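S.K.: Residue numbers (my numbering): -11 to 750.
Backbone N, C-alpha and C fix where the C-beta goes; we use that ideal spot for every residue, glycine too.
Just so you know, these numbers come straight off a predicted model, no measurement behind them.
Handing you this structure, nothing more for now.
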Amino acid sequence: MAVYPFKIRRFMHLIALLAMLLLLCGLVVNVHAEEQKCVARLVSLQGQVKVKKASQSVWQGARLGQCVEIGTIISAGTNSRAALILNSGSLVRLDENSSLVITKELEEGFLIRMIEGIVHFFSVHPRSMKVVTPFLNAAIEGTEFIFEQTPRKTTVIVLSGKVLAQNPGGRAVLGPGEGATATRLKPPATYQVSNLIRYVQWALYYPAILDQASIIKKYQLTGLNTPLELYKKGRIAEAIQAFNAIEKRRGLSPVERALLASLLLAVGQVEKANQQIEKALGANSRLAPALALKAIIALCLHDTKKATFFSKKALEAEPDSASALIASSYVLQSEARLEDATSVAEKATRLEPENGIARIRLSELRLCLGELDRARKEAARALALNPNLSRARTLFGFIQLLNMERKEATRHFNQAIELDPADPLPRLGLGLSFIKGGRLKEGLRQLQIATGLNPGNSLIRSYLGKAYFSINRPAKALEELDLAQRLDPNDPTPWFYEAICLVNMNQPGKALMSLARSIELNANRAIYRSRLLLGQDLGVRGSALARIYGELGFEQLALLQGWKSLDYDPASYAAHRFLADTYSALPRHEIARVSELLRSQLLQPLNITPVQPHLAESKHFFHVDTGPFSPGYNEYTPLFMWNRTAFMASGLVGTRDSVGDEVTLAALGDRYSVSLGQFHYETDGFRPNNQQYHDIYNVFTQTALSHDLSLQAEYRYSRISSGDLFLRFDPDNYIPDLDQKRRRHDLRLGARYSQTPSSTFI
């Protein structure tokens, strides 16, 4: 009888276990179902953004990273913005008082219904979405466009690509720089758009120049504790509401209006910000913070003359104003006066040591000058003043990325995104970090988001074009680079990347023209680079030009350009490597070739470029055209360096028992690179005792201890066996029993230390 309770307990345990398994299976099914429903995610939120699911009747506050299902309405309130990325990779941004709903998933994308407001669409794939509005429907054939929906009309503006706009009254095909407006029962009226930047001004990113706490302290303002605390926590829309409440209660002083304007700019409300600035200047025409804000707005809208005018007025009004000095640093940078901009920002930090915005600005400029350690110190001081400064964490991320601290950089970029989801720079940094780690598709998505968050930025688009090319989408890469060129015709970066893309697409003629244009515009990169680093840029562009000359068969021009590149930058490893490759094709240049290769290896950063075993041999007796080696252009100019393994092999078979092969295996990690190589060549020669056998094996490894210090080691073993290889006047004059054998073991250790951007020790 005592057995029964035991059996019952055992039976109950089995039932409980079965119930738990069923419950877990149900949870897995539910989780899978939730994932299936998710068609987009919210990637940027500012202010009051709400969502309402199709199955619900109550609005809920949106969360960063929240899943969006079919039928969910997304709405951005007053002084608010939102961005979501679709599963297809397309980015959708909503201005204030805008709402839309993803109504249906199509075979090639999504059907989106606009309800009201202004929406910026950034489509990754052609035909990846269709947009429905009360007065106009659009089939998307291209990349980037803007819709504005009011109670009486619908407007569409095409920035890039092609859009088919139609309604019962007619249809129109719109290309880049074209727009159309439609009303009820009337066909779309098309027109040319002269100033595209004006239509995306709400979507641009405006850098902060007013430190709220410093302004309040300097001008002895009172009663602003609530908006100040909200600002420090990154709750910009609520801080704006607090200012509006104060205005209703007692009015705002001119300085307070300038503070309110800076908050409005943070959420893209340019027109409202301008209204507050004009009111402030109406009461005090020499108010430096207000004048500085006008300079920044003009600069972001690519009106440099107006920016320079207001920047000078701000400094004339208040020479000791940190906000005026910060604005001036941006204007000076736009004029390619990077050193002057740094001096001005440094003066701002001396005048107001507790101004976090000034510290961030100085850190940015130090980074542009290549002074990583000094940039890190300024960013650390800014974070100590205000841990919620997104841009300071972004700068930390870039500094760590340059210092090969990829995991820490990723953490800082993610923190910056949480603090300021509308800032494109942490997205750019996160994308570069993902790509460096070998996660190309995830990196591409982050670059797409960064571009959507600041569609007027040419440099970010250039990086996006690079990313497209890296995942083997050259047509899309060229489209983005073309748009970057149109956004900023004076930026050489997209022209340079376009040249690399074209030469890898076997179009060296077009590549030559693009690269020549890039070199012509190189001085304009002084916006981002010091004079010294500009010389390095010119050296890199020059060595790329030399390789293209070589592709076109202009060997002498290629050599001249390679030598010229070294004049611009004697420490250019790319130029030294080019000369080493070129000398390998020239007779009696063995010593010069080995010398250039050694310099290139000592100067090079971590990279995936294969170390070909034959290049370091100064005593071989075969011509390059008879050896099994012909490196491709992309092996020396990959647009991104990411952690990966690369394999390259070549070989030949010829008459007189001629056989050859060369195999290299290279790997790149966060702080190391390794290259293994093997070379073999043998032939019977053209006469008796003219045979030769040549084997080379090498191992090359390099590690980066920091951004300015790297160590490397190379082991090489070579074995040569040959008869009489020398040519004399009489072909029959040879030594029939000459037998030459040579074995050699070489071990080389090297180091590179860059004490400053202008001095390198090897």
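So what does residue 133 bridge to, in DSSP terms?
M.R.: DSSP output for residue 133 lists 109, 146 as bridge partner(s).
S.K.: Please return the same chain residues whose Cβ sits closer than 6 Å to the Cβ of residue 207, not counting the five positions on each side in sequence.
M.R.: Result list for residue 207: 243, in chain order.
S.K.: Checking 9 Å against the spacing of the C-beta atoms, do residue 598 and residue 663 come in under that value?
M.R.: Result yes, Cβ atoms of residue 598 and residue 663 sit closer than 9 Å.
S.K.: Assuming contact is defined by CB atoms lying nearer than 9 Å, are residue 503 and residue 459 in contact in what I supplied?
M.R.: Against a cut-off of 9 Å, the Cβ pair of residue 459 and residue 503 comes out as no contact.
S.K.: With 16 other CB atoms within 10 Å as the buried threshold, where does residue 43 fall?
M.R.: Exposed, since its Cβ has fewer than 16 Cβ neighbours within 10 Å.
S.K.: Keeping to the same chain, check which residues put their C-beta closer than 6 Å to that of residue 248; ignore five residues upstream and five downstream.
M.R.: Taken in chain order, the residues that qualify are 231, 264.
S.K.: Determine which residues share a DSSP beta bridge with residue 734 and list them.
M.R.: In the DSSP output, where bridge partners are listed per residue, residue 734 has 704.
S.K.: What is the DSSP secondary structure of residue 691, counted as helix, strand or coil?
M.R.: DSSP places residue 691 in strand when its eight states are reduced to three.
S.K.: How many angstroms separate the CA atom of residue 751 from the CA atom of residue 564?
M.R.: Outside the modelled stretch of the chain, which goes from -11 to 750, sits residue 751, for which no answer is possible.
S.K.: Which residues in the same chain have their Cβ closer than 7 Å to the Cβ of residue 86, if we skip the five residues on either side of it in sequence?
M.R.: The answer, listed in chain order, is 64, 104, 105, 106, 107.
S.K.: Determine the DSSP secondary structure at residue 729, reduced to helix, strand or coil.
M.R.: The answer is strand: DSSP assigns residue 729 an E or B state.
S.K.: Going by CA-CA distance only, name the one from 556, 275, 646 that's closest to residue 301.
M.R.: Checking every option, the nearest Cα to that of residue 301 belongs to 275.
S.K.: Using 8 Å as the Cβ pair cut-off and three pairs as the minimum, do the stretch 430 to 447 and the stretch 117 to 130 touch?
M.R.: At 8 Å Cβ cutoff, the stretches do not touch.
S.K.: Could you check the C-alpha separation between residue 200 and residue 322 for me, to the nearest Å?
M.R.: Cα-Cα distance, rounded: 25 Å.
S.K.: Would you decide whether residue 735 is buried or exposed? Buried here means 16 or more other CB atoms lie within 10 Å of its CB.
M.R.: Per the 10 Å Cβ criterion, exposed.
S.K.: To which residues of the same chain is residue 749 closer than 6 Å at the C-beta, ignoring the five residues directly before and after it?
M.R.: Correct list, in chain order: 741.
S.K.: Below 9 Å between beta carbons: does that hold for residue 189 and residue 289?
M.R.: Yes, the Cβ-Cβ distance between residue 189 and residue 289 is below 9 Å.
S.K.: Per the DSSP calculation, residue 679 is bridged to which residue(s)?
M.R.: The partner list for residue 679 (beta bridge, DSSP) is empty, contrary to what the question assumes.
S.K.: The ligand GDP and residue 682: does the residue's C-beta get closer than 8 Å to at least one heavy atom of that ligand?
M.R.: This structure does not include the ligand GDP; it has no bound ligands of any sort.
S.K.: Cutting at 6 Å between CB atoms, please list the residues of its own chain near residue 344, excluding the five before and the five after it.
M.R.: Taken in chain order, the residues that qualify are 199, 370, 373, 374, 377.
S.K.: I'd like to check one pair, residue 671 with residue 639: are the Cβ atoms closer than 9 Å?
M.R.: It is not a contact, given that the beta carbons lie outside the stated cut-off.
S.K.: Can you tell me where the alpha helix (DSSP H) with residue 30 in it begins and where it stops?
M.R.: Per DSSP, residue 30 belongs to no alpha helix (DSSP H); it is in the beta strand (DSSP E), 26 to 34.
S.K.: Pull up the distance between the alpha-carbon of residue 250 and that of residue 281, whole angstroms please.
M.R.: If I take the Cα positions, the gap works out to 7 Å.
S.K.: Can you find a C-beta in chain D that's less than 9 Å from the C-beta of residue 231?
M.R.: The displayed structure is made up of one protein chain only, and chain D is not part of it.
S.K.: Whose C-alpha, out of 98, 273, 284, 154, is nearest the C-alpha of residue 304?
M.R.: When only C-alpha atoms are compared, the closest one is 273.
S.K.: Looking only at C-alpha atoms, which of 421, 718, 666 sits nearest to residue 395?
M.R.: Nearest option by C-alpha distance: 421.
S.K.: Which partner residues of residue 577 appear in the DSSP bridge assignment?
M.R.: Its beta-bridge partners do not exist; DSSP assigns none.
S.K.: Quick one: measure Cβ to Cβ for residue 68 and residue 111, integer angstroms, because I've assumed they're closer than 8 Å.
M.R.: Residue 68 to residue 111, Cβ: 23 Å. No contact.
S.K.: Between which two residues does the alpha helix (DSSP H) containing residue 668 stretch?
M.R.: Unbroken run through residue 668 is the beta strand (DSSP E), 660 to 671; no alpha helix (DSSP H).
S.K.: Excluding sequence positions up to five away, which residues of its chain have a Cβ less than 6 Å from the Cβ of residue 179?
M.R.: Only 167 meet the Cβ criterion.
S.K.: Can you tell me the Cα-Cα spacing of residue 358 and residue 485, whole angstroms?
M.R.: About 22 Å.
S.K.: Given residue 473, which residues of its chain have a CB within under 6 Å of its CB, disregarding the five upstream and five downstream residues?
M.R.: Only 482 meet the Cβ criterion.
S.K.: Going by DSSP, what residue range makes up the alpha helix (DSSP H) through residue 284?
M.R.: Its alpha helix (DSSP H) spans residues 276 to 288.
S.K.: Which class does residue 127 belong to by DSSP, given the choice of helix, strand or coil?
M.R.: It is a strand residue.
S.K.: Taking C-alpha atoms, which residue in 36, 413, 217 lies nearest to residue 194?
M.R.: Residue 194 has its Cα closest to that of 413, out of 36, 413, 217.
S.K.: So, at 7 Å on beta carbons, what are the nonlocal neighbours of residue 215 in its own chain, with the 5 sequence-adjacent residues on each side left out?
M.R.: Once the five neighbours on either side are set aside, the close Cβ partners of residue 215 are 227, 230, 231.
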